[in-house]
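J.: Sharing a structure, written as structure tokens. Questions coming.
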């Protein structure tokens, strides 16, 4: 009964009415500067997909797991999607509407792929600056190094904290001079361009790939063989009777 269209409309209307009666005081407002949870939060799966992990025991980075039970975030996502007839494959928010990448034969949901890509950025990112200001930047980094640790602790306590002292402002100016370069970042435009260049190089070295298709009709019953030989269809059928 609860799956009928009438009950579905009634349930949706009741949910909207409840939200309006609450006045929005019991809801979270998410915008560009909002910080709801981190990617390493053990309750991430429960908060974002409560129907898939209602008991809060199957999430990522579960602290109660032993070292032998711990697996990487990517491996756990793959295991969840490969479950036979599992709910993770059927859930429209987890697997169907947010699929953006096929890697190693398995599809990655958008939410999980976004977390994976941010980890790849932190792993492969490097700092670069132009040659003209290299010596000046190195000297500035050495000068701000005593204040950098204090600013990091300040950001850990409050990610929205602003630089207040002259030393902290100098740290921000120095960091602004550094450019972040990510290498081999999967899914980025440069990564796709690199893969295209590899294909072009292989085509130039080994020539354009070609597919040859050979058709072998059955010479006893296939009328196409008689048509190619110029034999009328009636005569070919008479010959095929033997």
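In the working numbering, the protein residues as written are 1 to 242. Built from N, CA and C at the ideal position, the CB exists for glycine as well.
Using the Cα positions of residue 49 and residue 116, report the straight-line distance between them to the nearest angstrom.
T.: Distance between the alpha carbons of residue 49 and residue 116: 18 Å.
J.: Would you kindly check if the distance between the Cβ of residue 45 and the Cβ of residue 60 is under 8 Å?
T.: A contact, by the Cβ cut-off of 8 Å.
J.: Please say whether residue 56 and residue 43 have beta carbons closer to each other than 8 Å?
T.: A contact, by the Cβ cut-off of 8 Å.
J.: Are the region 180-199 and the region 115-132 touching, with three or more C-beta to C-beta distances below 8 Å?
T.: Output reads yes: the region 115-132 touches the region 180-199.
J.: In the structure shown, what three-state DSSP assignment does residue 70 receive?
T.: Of the three classes helix, strand and coil, the one that applies to residue 70 here is coil, per DSSP.
J.: What's the call for residue 194, buried or exposed, on a 16-neighbour Cβ count within 10 Å?
T.: The residue in question, residue 194, is exposed, as its Cβ has fewer than 16 Cβ neighbours within 10 Å.
J.: Got a sec, what are the start and stop residues for the alpha helix (DSSP H) residue 139 sits in?
T.: Start and end: 134-157.
J.: CA-CA distance, residue 174 and residue 148?
T.: Taking the straight line joining both Cα atoms gives about 11 Å.
J.: Along the chain, where does the alpha helix (DSSP H) containing residue 199 start, and where does it finish?
T.: Looking at the DSSP string, the run of the alpha helix (DSSP H) that includes residue 199 is 189-206.
J.: For residue 163, list the residues DSSP reports as bridge partners.
T.: Answer by DSSP bridge pairing: none, since residue 163 is not bridged.
J.: Tell me which same chain residues have a C-beta within less than 7 Å of the C-beta of residue 243, skipping the five on either side of it?
T.: Lying before the first or after the last residue shown, residue 243 is absent from the chain, which here runs from 1 to 242.
J.: So, under 8 Å CB-CB, residue 163 and residue 157 are touching, yes? Tell me the CB distance rounded to an integer number of Å.
T.: In fact, because the Cβ distance is near 14 Å, the residues do not count as touching under 8 Å.
J.: Would you mind working out which of 214, 239 and 190 sits nearest residue 226, comparing C-alpha positions?
T.: Here the closest residue by C-alpha is 239.
J.: Measuring alpha carbon to alpha carbon, tell me which residue in 208, 224, 64 and 207 is nearest residue 215.
T.: Per the Cα distances, 224.
J.: Please go through the same chain and pick out, in chain order, the residues whose beta-carbon is closer than 8 Å to the beta-carbon of residue 86, but skip the five residues on each side of it.
T.: Taken in chain order, the residues that qualify are 80.
J.: Output the boundary residues of the alpha helix (DSSP H) element that contains residue 45.
T.: 44-48 is the span of the alpha helix (DSSP H), which, as asked, contains residue 45.
J.: What is the residue span of the alpha helix (DSSP H) that residue 88 lies within?
T.: Note, residue 88: alpha helix (DSSP H), 87-90.
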